[in-house]
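Each remark here refers to the structure printed beneath this line.
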Amino acid sequence: MALPKIKICGITNQIDALQAVDAGADALGFVFYRKSPRHVNLNVVKSIVVDLPPFVLPVGIFVNEEPEKVRKTMDE
């Protein structure tokens with residue numbers, strides 16, 4: 036049986052991201068919903084993602100966002 040994949044959501048800074056990876060996270064969730072207390076802007080996400088190991092999958096969390104806005108954010 037394959038081991039489950041682990042995703043930690045609500046990452047807002049590089050220290051938390053690296054600690055989550057050290058704890059075994061396979062994916063990190065970044066909240067782009069502005070009303071969330073865990074909201075993070077795209078420039079912060081870019082600065083975090085650049086230092087992640089290649090096996091860690093960054094995941095965007097959106098709420099009721101237009102598909103084009105989601106695609107644009109992910110392309111950046």
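Numbering (the numbering used here), first residue to last: 36 to 111. Note that CB positions come from ideal geometry on N, CA and C, so glycine has one too.
Going by beta carbons, Val-80 and Asp-61 fall outside the 8 Å limit.
Check the Cα spacing between Pro-39 and each of Gly-59, Ile-50, Thr-47: the tightest is with Gly-59. Per DSSP, the unbroken beta strand (DSSP E) holding Val-94 starts and ends at 92 to 96. Per DSSP, the beta-bridge partners of Lys-42 are Ala-62. Under the 10 Å beta carbon count, Val-105 is surrounded by fewer than 16 other beta carbons and is classified as exposed.
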